[in-house]
Structures are given as C-alpha cells and as structure tokens.
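Only one structure is covered here, and it is reproduced in the block below.
In structure tokens:
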C-alpha cells in the first residue's frame with residue numbers, strides 16, 4: 101500500500117482503548133511446541149502442550165480437521181487474498197482486510213507474547229493441515245498463513261456500510277423524499293412472523309449457592325444462532341497456566357468464546373449497544389478537500405490501496421486494482437455532499453487486543469482477575485453472565501460504548517460537529533455499565549433483552565444510564581426464563597437442564613383464553629368447532645407429542661400479520677412486566693385468522709390434530725428425529741427455527757444448538773454439554789451427526805475435564821503432522 105499522507109485515524113482511538121497491554125513480554129516459545137491431541141467421545145479435542153504456541157498449533161490443526169476448507173477460507177479472507185486466490189469477483193473484501201492488516205502490523209508487537217504465540221501457532225496448525233492433506237484439498241489451499249492473518253480477524257472496525265446507509269436515509273428524508281429501503285436489515289413486516297428478532301441470540305443463567313441443592317454455583321450457556329455458525333467444542337491445557345473448556349468459533353484462536361476453568365466460567369448473549377456516532381462536518385467552501393473544525397480547516401486524508409487479483413482459472417497471472425479511502429483523525433469518511441462531510445467515530449475502531457482479553461479471561465482465577473481482563477474493553481459487544489467456585493454470580497452488559505457529550509443520534513441522524521467539544525473522546529467506564537452482582541434471590545439471567553431485568557429483586561433504573569445504553573421491554577422468552585428460575589426452588593445441575601428444556605409456549609398462556617372465548621361466541625362452523633376442541637385440549641407446549649401447537653402457531657402468524665401493533669389487548673408495560681403482553685386486541689381478525697388456519701392445516705396436513713414432532717424434526721446425516729422447540733417470539737425458551745421442506749416437514753436449522761451447563765465443585769467442575777450439529781462439518785465424519793438424536797431428545801453428554809476422565813475416554817491420541 102502507498103499513501104499520500106500518514107495513516108493517523110487508526111491510532112487516534114479512545115484513551116481507555118489505548119491503555120497498557122495485558123501481560124508482560126517474555127522470550128519467544130521454544131522450538132519444541134508439539135501439542136498432544138486426545139479426542140474423546142463425540143470427537144471433542146483435548147489439547148495439551150508445554151507452551152502457548154503448541155496450544156495454538158493444536159487448535160488450528162483440529163479446527164481444520166473438523167471444518168477443512170472453511171477454516172482455510174477464513175484465513176484467506178483475513179489475509180486479504182480473496183482476489184488473488186479466486187479472481188476479481190472476490191476482491192471487494194480484500195480492501196478492508198488490507199486496512200486491518202496494516203493495523204496488525206502497527207500493533208502486533210504490543211500484544212503480550214502468549215497471545216502472539218497462540219496466533220502464530222494457530223496459523224502454523226492450519227499450515228500443517230494443508231501440507232498433510234495436499235492431495236485432497238483444492239489446489240488453491242496453500243500453507244501461506246502467519247499469526248498476523250489470524251490476528252487480523254480480531255481487529256475492531258467501524259461499520260462504515262451501516263453509517264453510510266444512515267446518512268443517505270437521513271439526507272433523503274431531509275429533502276422530503278421517501279427513505280431508501282434498508283437492504284441490510286430484516287423486513288420489519290416479516291420479522292414478527294419469522295421470530296427473527298427473538299431467535300438470533302442466546303440464553304444464559306447463573307445460580308448462586310443459595311439456590312442450588314449442592315450449595316455450589318451453576319452456570320448455563322445456550323447460544324442461539326444458525327447451525328452453520330461454527331460453534332466448536334474444545335479443551336486446552338497448559339500446565340500451571342491454562343486449563344479451559346468451552347466453545348470456540350471456527351476460524352480463530354479466540355473469536356467469541358464462553359466456557360469455564362476450575363474456578364470460574366461465563367456465557368455470552370448478544371446485546372445491542374450503540375457503539376458509534378455519525379458526525380456531520382462542514383466542508384471548507386474555498387477548498388472542498390478540507391473541512392472546518394475547531395476554528396480552523398483540516399485536510400481530508402486519503403490512502404490509496406492497490407491489490408492484485410487473479411485473472412485466469414488455469415494460471416497465476418495477476419493484475420491490480422486501486423481504491424482510494426478517505427479518512428479524518430476523527431474517523432473514516434462514509435459520505436460527502438457539496439458542502440458537508442460525514443464521518444463515523446466508533447468505539448471498537450482499531451482495537452487489537454481481543455485475543456489478549458479472552459486469554460486473560462480464560463486464565464483468571466477469581467472475580468477480580470476476570471473483571472480486570474474485562475477492563476481492557478477489547479470485546480466490542482455482548483452480555484456476559486458469570487459464576488465462580490467462590491459462589492459469585494454476575495451479569496454485565498458489555499460494550500465499547502462512547503460517553504457522548506450530546507444526545508445520541510442513534511440510527512436515525514448524524515450529529516453536527518464544529519469543535520472538539522461536540523465529539524466523544526472516552527468510553528463509558530466499565531463500572532458504569534449496567535451490571536448485577538450477587539442479588540437477592542440468587543439468580544441472574546439474560547435472553548438478549550435489555551440488562552435492567554437480570555434479577556427482579558434488583559431492577560436497574562434506566563434513568564441512571566446514558567441514552568446510548570440499550571433499553572427495551574422484557575419479552576416473552578425472558579419472562580419464561582423468570583418463571584423457570586425466578587422462584588425459591590433449590591436446583592441440582594440436572595434440574596437446571598430439565599428446566600432449560602421447557603417445552604411451554606408462553607404466548608399460548610397469554611392469548612389462548614381470549615381466542616377460545618372469541619371462537620365459542622362466533623357460531624363456529626363444524627370444521628372450526630372441531631379445531632377449537634383440539635385447541636382447548638392442547639397443553640400449551642411444543643413437546644414432540646403435543647397436539648394443537650402447530651394449529652395455534654399457524655393461527656398466530658396469520659393473525660399477527662393482520663393485527664400488527666394491536667395484536668394484544670394489553671401491551672407490555674413496566675407496571676406489569678411479567679404478566680404482559682396479554683389478550684386478543686382484534687377479536688374479528690382473530691376469528692378470521694383461525695378460520696384461515698384451519699383451512700391451511702387441512703390443506704397442508706389433512707388434519708388440524710397434528711403432533712408437533714410429526715412436522716418438526718432434527719435431520720442430519722442419517723438422523724431424522726422429532727424435536728420440540730419454537731420461536732422465542734412465541735415465548736419458547738427452547739428456541740428453534742426451521743427450514744420448510746418440500747414434504748411438508750420442517751428441519752431445525754437455527755436456534756438452540758449448543759448447550760453447556762457447569763457446576764463449580766470444590767475439587768473440579770461438573771458439566772454437561774451437547775452440540776446439535778456435531779463437532780465436524782464433514783458429512784463423512786463420524787462426528788457429523790453423532791449428537792443430533794441426543795440433542796433432539798433433550799439429552800446431554802458428560803464433559804471430561806479432569807485428566808483421569810480424559811484418559812479413560814480417549815478414543816484417539818495423536819500429534820499434528822509436522
């Protein structure tokens with residue numbers, strides 16, 4: 101890359117982000133970094149080594165064993181070699197990757213040596229896999245990776261595309277025209293039907309010793325993402341320095357992880373922080389390449405990025421293409437008009453220490469050390485739910501959220517900035533973020549709702565927090581969770597798993613009585629009366645054998661699409677936060693929608709009395725099992741989304757897929773887990789579908805954490821090929 105000006109904006113990050121690096125430097129890892137890999141039942145790798153580079157090698161090699169080309173592609177993308185590998189059609193992402201690589205080059209030496217060793221080792225592990233499988237991998241898969249390529253995937257960036265959409269929408273509204281369609285978001289009309297807003301997330305619980313039969317803290321981790329998301333289970337051990345079990349995301353040594361060591365553990369759930377602000381600057385009318393700020397004019401800076409791409413499929417001929425990137429010390433340029441310049445200033449921009457933070461969290465032994473790792477603020481988002489052997493429980497809403505000098509523009513408008521006083525320079529302090537520690541009642545929970553409801557005995561006042569901290573209602577899935585753990589019952593680890601698999605559809609509890617009453621008073625036809633009898637007999641669950649749930653769901657989707665904001669008789673409110681929404685708001689539309697649903701059920705299934713599991717299945721490899729679970733928008737806690745198949749059945753493809761529950765014992769943790777889509781994405785692997793039936797039945801496997809248990813259940817022990 102060449103430039104006509106020094107790249108400064110990536111160095112002008114908030115002071116709290118530019119703080120001292122975690123850990124002290126030490127000598128590079130010795131040459132003997134050979135890990136030992138022991139695969140236990142269901143293919144879970146337990147990786148041990150004498151140094152962090154060896155741990156990284158083991159992670160890179162085993163991820164590539166299980167996910168093959170996907171791991172290699174992720175590194176090609178972060179290396180910025182998509183165009184070089186596949187041609188011009190794949191070039192676009194390389195320009196952003198080039199900027200991320202430049203940030204790595206500026207900062208890699210600032211990372212602690214253990215983190216660098218993990219990155220270097222991961223790249224070497226993938227290289228080894230490629231060299232060992234050259235005859236079966238595509239010809240474009242080459243062992244060319246370096247730790248910089250892995251670290252580039254952890255560089256924080258501003259969301260320029262989203263900021264640009266905000267500006268163009270706002271400009272069009274200001275001009276009196278209709279806002280352009282936001283193609284980067286879900287269709288808001290379809291979203292309630294799909295349950296998308298409620299299903300892309302996770303469940304997390306932590307129970308204090310006062311709420312457990314053993315007197316030990318319990319943690320539940322249960323992310324809900326597409327079954328292509330690449331959650332992957334592993335255990336890494338470096339004697340005296342690291343002993344961590346949990347879920348890694350495919351393609352990185354760290355990425356998004358949750359899990360536990362012998363002393364503590366945590367779970368992540370998606371949150372919705374406002375991480376940036378879009379600012380409107382005045383261009384200098386005498387020189388459009390400068391903008392006015394702080395009483396002077398400042399030049400817009402440009403960087404020219406030139407990258408090669410492949411032009412033939414049978415040779416390695418390359419040509420190059422150049423893009424110009426505009427930026428300011430305040431942040432990258434996202435749009436300009438004849439007299440205005442629009443930039444985005446993002447909390448995560450340029451952050452390079454995500455790997456260091458996760459490694460420090462994995463190595464922490466107590467709450468103070470774990471929160472000390474969080475103070476790095478390198479992880480841009482996520483609610484974190486925590487439990488430890490000492491009995492502490494905590495949930496904290498995390499985000500690299502700016503401390504704004506003015507009211508936030510949110511996602512609707514840019515903020516005029518004429519001087520430094522108009523622009524944010526610091527993040528909201530860690531201790532000022534919403535968090536609930538060891539509350540009365542002995543539980544905390546999060547199901548992707550705002551953080552104020554983590555414990556009903558310790559509700560957080562939204563007025564205490566700036567307007568760019570997440571707000572929102574307590575949705576049905578969260579209310580269901582509170583019914584499951586918000587009481588006074590003492591629970592065992594096994595009890596927690598039974599409750600986690602609750603099949604209840606909370607929406608039915610809230611609206612079915614009104615629906616039944618409306619139908620009974622409507623002089624129903626014989627067909628509707630027969631369906632009404634099925635509905636009345638239904639147990640309000642989506643268990644595989646339950647009959648009536650499919651009829652109710654079909655009705656609700658039709659009814660809600662017509663009634664929209666007036667679907668409920670009473671909307672959710674703080675005054676009745678665990679008993680609303682409720683009731684039917686549009687009686688006639690509800691009756692009409694039910695008549696339609698009866699006809700639709702007869703057309704699709706020739707019956708209204710269809711068992712949930714006859715339609716809803718887990719299909720993977722040879723497995724074809726009935727399964728219970730539904731959208732979080734319907735109030736299900738066991739969230740599952742489905743693909744509609746030509747034969748009329750639905751195949752689970754998203755939502756509940758990875759479950760981990762751990763109890764922190766005096767000697768060692770006791771845990772169970774299940775990964776619905778298996779440890780491997782290779783359909784020929786024995787670990788592609790060996791957990792699918794178990795998952796469908798609500799069963800979990802024991803987690804092997806102690807060395808004696810690992811040794812007793814090892815099915816294969818080996819070292820990566822050199």
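In my numbering, the protein residues as written are 101 to 822.
Note that CB positions come from ideal geometry on N, CA and C, so glycine has one too.
Residue 784 counts as exposed, since fewer than 16 other beta carbons sit within 10 angstroms of its beta carbon.
Excluding the 5 residues flanking it on each side, residue 430 has same chain C-beta neighbours closer than 7 Å at 379, 443, 445 and 523, in chain order. Residue pairing by DSSP puts residue 344 in a beta bridge opposite 336.
The Cβ atoms of residue 738 and residue 543 do not sit closer than 8 Å to each other. In this model, residue 237 and residue 243 are separated by some 11 Å (Cα to Cα). In the structure shown, the three-state DSSP call for residue 167 is helix.
Residue environment: residue 641 is assigned as buried (16 or more neighbouring CB atoms within 10 Å of its CB, all protein chains considered).
Rounded to whole angstroms, the separation of the alpha carbons of residue 368 and residue 485 is 6 Å. By the neighbour-count criterion, in which 16 or more other beta carbons inside 10 Å mark a residue as buried, residue 564 falls on the exposed side.
Here the stretch 672–684 makes no contact with the stretch 705–718; the two share fewer than three CB pairs at distances below 8 Å. Between residue 331 and residue 339 a beta carbon distance of about 27 Å is seen, past the 8 Å cut, so the two are scored as non-contacting. By the Cβ test, the stretch 649–664 is in contact with the stretch 607–621, since at least three Cβ pairs between them sit closer than 8 Å. Relative to residue 727, the option among 733, 721, 734 and 742 whose CA is nearest is 742.
Contact between residue 487 and residue 597 does not hold, since the beta-carbon distance rounds to 15 Å and is not under 8 Å. DSSP places residue 744 in the uninterrupted beta strand (DSSP E) bounded by 740–744. The Cβ neighbour count for residue 227, taken over all protein chains shown within 10 Å, is at least 16; the residue is labelled buried. Counting other Cβ atoms within 10 Å of its Cβ, residue 404 stays below 16 and is therefore classed as exposed. Taking C-beta atoms as the reference points, residue 133 and residue 337 fail to come closer than 8 Å. One alpha carbon belongs to residue 185, the other to residue 208, and they sit about 25 Å apart. Every unbroken stretch of the beta strand (DSSP E) spanning 3 or more residues and falling wholly within the stretch 402–446 is given here in chain order: 418–428, 431–436 and 440–446.
In the structure shown, the three-state DSSP call for residue 683 is strand.
Remark: three or more beta-carbon pairs, one from each stretch, lie closer than 8 Å, so the stretch 137–148 and the stretch 806–819 are flagged as touching. For residue 270, the closest C-alpha among the options 377, 584, 699 and 513 is that of 513. Nearest to residue 723 by alpha-carbon distance, out of 748, 505 and 787, is 787. Under the DSSP assignment, residue 818 falls outside any alpha helix (DSSP H), being part of the beta strand (DSSP E) whose first and last residues are 814–818.
Residue 234 counts as exposed, since fewer than 16 other C-beta atoms from the protein chains shown sit within 10 angstroms of its C-beta. For the stretch 173–204, the full-length alpha helix (DSSP H) segments reaching 4 residues or more read 182–186 along the chain.
Annotated three-state conformation of residue 353 is coil, per DSSP. Residue 571 sits exposed, since fewer than 16 C-beta atoms from the chains shown fall within 10 Å of its C-beta. Assigned with DSSP and collapsed to three states, residue 805 falls in coil, not helix or strand.
DSSP places residue 484 inside the beta strand (DSSP E), whose first and last residues are 483–488.
Residues of the same chain with a CB within less than 8 Å of the CB of residue 397, apart from the 5 flanking positions on each side, are 384, 387, 390 and 391 in chain order. When DSSP reads this structure, residue 382 sits in a beta bridge with 392 and 440. By the 16-neighbour rule on beta-carbons within 10 angstroms, residue 437 is exposed. Within the stretch 452–528, the complete alpha helix (DSSP H) segments of 4 residues or longer fall at 454–463 and 467–474, listed in chain order.
In this structure the stretch 355–373 does not lie against the stretch 410–429, because fewer than three pairs of beta carbons, one per stretch, are closer than 8 Å.
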